[in-house]
Amino acid sequence: MIEIVETPVDTALLADSLRDSRAGGYAAFEGWVRNENDGHAVERLEYEAYAPLCVKEGERIVEEARAKYPFIAARVVHRTGLLELGDCAVWVGVVSKHRDEAFRACRYIIDELKVRLPIWKKEHYVDGDSGWVNCERCAAHGQRDHGT
Amino acid sequence: MIEIVETPVDTALLADSLRDSRAGGYAAFEGWVRNENDGHAVERLEYEAYAPLCVKEGERIVEEARAKYPFIAARVVHRTGLLELGDCAVWVGVVSKHRDEAFRACRYIIDELKVRLPIWKKEHYVDGDSGWVNCERCAAHGQRDHGT
Amino acid sequence: MKTINVRYFALFREQAGVGEETLTLDAATAFDVFEATRERHCSPEPHGHCKVAINDEMADWASPVEDGDTVLLFPPVAGG
Amino acid sequence: MKTINVRYFALFREQAGVGEETLTLDAATAFDVFEATRERHCSPEPHGHCKVAINDEMADWASPVEDGDTVLLFPPVAGG
Numbered sequence: 000m001i002e003i004v005e006t007p008v009d010t011a012l013l014a015d016s017l018r019d020s021r022a023g024g025y026a027a028f029e030g031w032v033r034n035e036n037d038g039h040a041v042e043r044l045e046y047e048a049y050a051p052l053c054v055k056e057g058e059r060i061v062e063e064a065r066a067k068y069p070f071i072a073a074r075v076v077h078r079t080g081l082l083e084l085g086d087c088a089v090w091v092g093v094v095s096k097h098r099d100e101a102f103r104a105c106r107y108i109i110d111e112l113k114v115r116l117p118i119w120k121k122e123h124y125v126d127g128d129s130g131w132v133n134c135e136r137c138a139a140h141g142q143r144d145h146g147t
Numbered sequence: 000m001i002e003i004v005e006t007p008v009d010t011a012l013l014a015d016s017l018r019d020s021r022a023g024g025y026a027a028f029e030g031w032v033r034n035e036n037d038g039h040a041v042e043r044l045e046y047e048a049y050a051p052l053c054v055k056e057g058e059r060i061v062e063e064a065r066a067k068y069p070f071i072a073a074r075v076v077h078r079t080g081l082l083e084l085g086d087c088a089v090w091v092g093v094v095s096k097h098r099d100e101a102f103r104a105c106r107y108i109i110d111e112l113k114v115r116l117p118i119w120k121k122e123h124y125v126d127g128d129s130g131w132v133n134c135e136r137c138a139a140h141g142q143r144d145h146g147t
Numbered sequence: 000m001k002t003i004n005v006r007y008f009a010l011f012r013e014q015a016g017v018g019e020e021t022l023t024l025d026a027a028t029a030f031d032v033f034e035a036t037r038e039r040h041c042s043p044e045p046h047g048h049c050k051v052a053i054n055d056e057m058a059d060w061a062s063p064v065e066d067g068d069t070v071l072l073f074p075p076v077a078g079g
Numbered sequence: 000m001k002t003i004n005v006r007y008f009a010l011f012r013e014q015a016g017v018g019e020e021t022l023t024l025d026a027a028t029a030f031d032v033f034e035a036t037r038e039r040h041c042s043p044e045p046h047g048h049c050k051v052a053i054n055d056e057m058a059d060w061a062s063p064v065e066d067g068d069t070v071l072l073f074p075p076v077a078g079g
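Structural data, given as structure tokens:
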């Protein structure tokens with residue numbers, strides 16, 4: 000249902016794993032590493048996760064989504080380690096009979112997992128700086144690290 | 000931006016075509032042929048489209064979505080002809096900087112194209128009957144066709 | 000009297016038994032063309048559920064038709 | 000005094016310079032453990048933005064800690 004992996008995410012294979020003859024709609028979201036955040040040019044990202052609790056909390060989130068928007072199946076994969084621009088960091092796929100449940104469940108899952116799973120993202124900037132995203136003093140911390 | 004095709008939809012290839020280093024979120028929807036509709040066991044579907052107007056109206060829908068939820072790129076592919084259970088009939092893919100625009104634009108596009116594009120769906124049922132979806136007297140019509 | 004090319008799709012094509020025909024009729028609007036074809040083919044669909052296009056542009060039922068126009072009659076759509 | 004295993008992640012691990020350590024301290028709640036480690040490592044994050052788990056279960060800052068517990072300190076998360 001939810002996996003933390005260190006290897007590239009094969010989204011086509013994952014979508015195939017959700018195939019079900021009762022399913023009329025498949026909604027998916029992928030988070031890609033983009034080249035900019037808050038005005039800083041990003042070179043690559045580093046994800047750290049505490050997998051045992053990611054799985055527990057992730058399964059809780061998927062079950063909450065299932066209760067709100069009954070679907071046939073849902074899967075989540077989050078990658079960790081060093082990711083380059085364009086790499087897929089997270090994939091959420093949901094299949095349901097009709098499209099409304101698939102869309103809503105997919106959105107609920109990605110929104111919740113972003114704020115609840117113990118996963119951290121460190122941005123490495125083109126100018127050599129780096130910082131942990133969402134940490135209040137990341138910028139200052141990054142600057143201390145790099146002596147700039 | 001929008002294509003009507005008679006061959007299977009390669010969604011992995013389509014997703015790749017939207018890759019952009021500014022994109023942080025990719026939302027996609029796929030409509031699959033499911034085995035049941037309104038209590039009837041479905042064996043296969045037949046789609047008919049009037050392509051010239053599908054393209055015109057589809058591009059209008061995509062531009063409406065772009066104005067409401069600014070995204071980086073969006074593509075739509077709808078298949079026509081005879082489709083088997085599980086086949087992908089329609090794919091909508093949207094990439095944007097942040098996930099909200101991708102989700103909302105993807106939903107807007109699929110919702111609108113279902114009611115606005117000149118595309119028709121004939122269901123072929125397991126019991127030998129068939130009917131055009133959304134046509135008021137399809138059932139009666141199908142029964143006349145098959146002499147049941 | 001006007002010469003109007005009429006194109007039928009999906010259910011309408013099956014009901015008409017042809018995909019296209021040329022009619023000579025006294026029609027001011029797209030609605031008039033629809034009504035004339037209904038009489039010829041006993042189409043059961045009310046026009047409110049259907050759509051119409053004139054010369055490859057989406058139109059309203061009240062849109063005027065001119066001599067030589069092609070009117071496309073669309074039964075209720077069901078894409079996706 | 001209780002013996003508490005403390006695990007640090009991401010920013011906290013970098014600030015602590017270790018991923019895990021065993022502390023002997025007078026702590027009633029997870030919050031007390033967080034405050035004790037803040038003093039040791041000068042962590043700048045207010046606990047309201049952070050999360051805590053005890054023995055691999057998500058917990059509250061007010062959750063009691065027992066001798067031998069493992070307390071996991073999570074700086075602000077940023078998955079996806």
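Chains as they are written, first to last, in numbering that gives the first Met the number 0: chain C, 0 to 147; chain F, 0 to 147; chain V, 0 to 79; chain E, 0 to 79.
Using N, Cα and C, we set each Cβ at its ideal position, and we do this for glycine too.
Interface residues of chain V facing residue 77 of chain F [CB-CB closer than 9 Å]: Indexing the second sequence from 1 puts residue 77 of chain F at position 78. Correct list: 78 and 79.
Answer yes or no: do residue 46 of chain F and residue 121 of chain F have a C-beta to C-beta separation smaller than 9 Å? The residue given as residue 46 of chain F occupies position 47 in the second sequence. The residue given as residue 121 of chain F occupies position 122 in the second sequence. Cβ distance < 9 Å, so residue 46 of chain F and residue 121 of chain F count as in contact.
Among residues of its own chain, excluding the 5 on either side of residue 9 of chain C, which ones have a beta-carbon nearer than 7 Å to its beta-carbon? Within the first sequence, numbered from 1, the residue matching residue 9 of chain C stands at position 10. Once the five neighbours on either side are set aside, residue 9 of chain C has no close Cβ partner at all.
Could you please tell me which residues of the segment 31–44 of chain C, in chain order, have their CB closer than 9 Å to any CB of chain F? 31, 32, 33, 34, 35 and 36
With a 10 Å radius around its C-beta and 16 neighbouring C-beta atoms as the bar for buried, classify residue 117 of chain C as buried or exposed. Counted from its first residue, the first sequence places residue 117 of chain C at position 118. Counting Cβ neighbours within 10 Å, residue 117 of chain C comes out buried, since at least 16 surround it.
Would you say residue 40 of chain E faces chain C, with C-beta separation under 9 Å as the test? Position 41 of the fourth sequence, counted from the first residue, corresponds to residue 40 of chain E. Output row for residue 40 of chain E: interface = no.
Roughly how far, in whole angstroms, is the beta-carbon of residue 51 of chain E from the beta-carbon of residue 24 of chain E, given that I think they are within contact range, below 8 Å? The count along the fourth sequence starts at 1 and reaches residue 51 of chain E at position 52. The count along the fourth sequence starts at 1 and reaches residue 24 of chain E at position 25. The Cβ separation is near 15 Å, so there is no contact.
Could you name the residues that DSSP lists as bridge partners for residue 120 of chain C? For this step, residue 120 of chain C is matched to residue 121 along the first sequence. Bridge partners of residue 120 of chain C: C:46.
Going by the CB atoms, is the gap between residue 25 of chain C and residue 14 of chain C shorter than 9 Å? Position 15 of the first sequence holds residue 14 of chain C. Position 26 of the first sequence holds residue 25 of chain C. Yes.
Identify, in the order they occur along the chain, each residue of the same chain with its Cβ nearer than 8 Å to the Cβ of residue 41 of chain F, setting aside the five sequence neighbours on each side. For the purposes of this step, residue 41 of chain F is taken as the residue at position 42 of the second sequence. Cβ within range, chain order: 32, 33, 34, 35, 84, 122, 123, 124 and 125.
As an exercise, report each continuous alpha helix (DSSP H) stretch of at least 4 residues that is fully enclosed by the segment 12–84 of chain F, in chain order. 50–67
Taking 9 Å as the CB-CB cut-off, is residue 96 of chain C touching chain E? Numbered from its first residue, the first sequence carries residue 96 of chain C at position 97. It does not; no Cβ of chain E falls within 9 Å.
Throw me the rounded Cβ distance for the residue 5 of chain F and residue 78 of chain F pair, which I believe falls under 8 Å. Sequence index remark: in the second sequence, residue 5 of chain F carries index 6 (1-based). Sequence index remark: in the second sequence, residue 78 of chain F carries index 79 (1-based). Sure, about 7 Å apart at Cβ, within 8 Å.
Rounded to the nearest angstrom, what separates residue 111 of chain F and residue 60 of chain F at their Cα positions? Residue numbering aside, residue 111 of chain F sits at position 112 when the second sequence is read from its first letter. Residue numbering aside, residue 60 of chain F sits at position 61 when the second sequence is read from its first letter. C-alpha separation (whole angstroms): 7 Å.
For residue 5 of chain V and residue 115 of chain F, I'd like the C-alpha separation in whole angstroms. Walking along the third sequence from the start, residue 5 of chain V turns up at place 6. Walking along the second sequence from the start, residue 115 of chain F turns up at place 116. If I take the Cα positions, the gap works out to 20 Å.
Any chain C beta carbon closer than 9 Å to residue 55 of chain E: In the fourth sequence, residue 55 of chain E corresponds to position 56, counting from 1. Yes - at least one Cβ of chain C is within 9 Å of the one on residue 55 of chain E.
Does the beta carbon of residue 33 of chain V sit closer than 9 Å to a beta carbon anywhere in chain F? Start at 1 with the first residue of the third sequence, and residue 33 of chain V comes out as number 34. Closer than 9 Å: no.
Look up residue 56 of chain V in the DSSP assignment and say whether it is helix, strand or coil. Reading the third sequence from its first residue, position 57 is the one you call residue 56 of chain V. In the structure shown, residue 56 of chain V sits in a strand (DSSP, three-state: E or B).
Can you find a C-beta in chain F that's less than 9 Å from the C-beta of residue 9 of chain V? On the third sequence, position 10 is the one that residue 9 of chain V refers to. Answer yes: the Cβ-Cβ gap between residue 9 of chain V and chain F drops below 9 Å somewhere.
Nearest neighbour of residue 103 of chain F, chosen from F:130, F:134 and F:64 [CA to CA]: One-based indexing of the second sequence puts residue 103 of chain F at position 104. Taking only the C-alpha atoms, the option nearest residue 103 of chain F is F:64.
Quick one, which of V:57, V:13, V:76 and V:48 has its alpha-carbon nearest residue 70 of chain V's? Locating residue 70 of chain V in the third sequence gives position 71, where the first residue counts as 1. Of the listed residues, the one whose Cα sits closest to residue 70 of chain V is V:57.
Under 9 Å Cβ-Cβ, which residues of chain A neighbour residue 24 of chain E? Chain labels in this structure do not include chain A; the protein chains are C, F, V and E.
Measure the C-alpha to C-alpha separation of residue 107 of chain F and residue 40 of chain E and round it to an integer number of angstroms. For this step, residue 107 of chain F is matched to residue 108 along the second sequence. For this step, residue 40 of chain E is matched to residue 41 along the fourth sequence. One C-alpha to the other measures close to 50 Å.
How many angstroms separate the CA atom of residue 48 of chain F from the CA atom of residue 119 of chain F? The residue given as residue 48 of chain F occupies position 49 in the second sequence. The residue given as residue 119 of chain F occupies position 120 in the second sequence. Cα-Cα distance, rounded: 6 Å.
Partner residues on chain C for residue 52 of chain E, Cβ-Cβ distance less than 7 Å: Position 53 of the fourth sequence, counted from the first residue, corresponds to residue 52 of chain E. By Cβ distance, chain C contributes 52.
Whose Cβ in chain E lies nearer than 7 Å to the Cβ of residue 88 of chain C? As a first step, residue 88 of chain C must be located in the first sequence, where it is residue number 89. Ordered by position in chain E, the residues that pass the 7 Å Cβ test against residue 88 of chain C are 79.
For the beta strand (DSSP E) that residue 8 of chain V lies in, which residues bound it at each end? Within the third sequence, residue 8 of chain V is the residue found at index 9, counting from 1. It is not in any beta strand (DSSP E) - residue 8 of chain V carries neither H nor E in the DSSP assignment.
If we call anything under 9 Å between Cβ atoms a contact, is residue 76 of chain E one with residue 113 of chain C? Within the fourth sequence, the letter at position 77 stands for residue 76 of chain E. Within the first sequence, the letter at position 114 stands for residue 113 of chain C. Going by C-beta atoms, residue 76 of chain E is nearer than 9 Å to residue 113 of chain C.
For residue 125 of chain F, three-class secondary structure by DSSP: Translated into the one-based positions of the second sequence, residue 125 of chain F becomes position 126. It is coil, neither helix nor strand.
Residue 44 of chain C versus residue 52 of chain F: straight-line alpha-carbon distance, rounded: On the first sequence, position 45 is the one that residue 44 of chain C refers to. On the second sequence, position 53 is the one that residue 52 of chain F refers to. In a straight line, the C-alpha of residue 44 of chain C is about 44 Å away from that of residue 52 of chain F.
Quick one: what's residue 92 of chain C bridged to in DSSP? Taking the first residue of the first sequence as 1, we reach residue 92 of chain C at position 93. Answer is C:27 and C:74.
Check whether residue 109 of chain F and residue 91 of chain F have beta carbons under 9 Å apart: Taking the second sequence and counting its residues from 1, one reaches residue 109 of chain F at position 110. Taking the second sequence and counting its residues from 1, one reaches residue 91 of chain F at position 92. A contact, by the Cβ cut-off of 9 Å.
In this structure, does DSSP put residue 51 of chain V in helix, strand or coil? Start at 1 with the first residue of the third sequence, and residue 51 of chain V comes out as number 52. Strand, per DSSP.
Rounded to whole angstroms, what is the Cα-Cα separation between residue 101 of chain F and residue 26 of chain E? Position 102 of the second sequence, counting from 1, holds the residue named residue 101 of chain F. Position 27 of the fourth sequence, counting from 1, holds the residue named residue 26 of chain E. C-alpha separation (whole angstroms): 47 Å.
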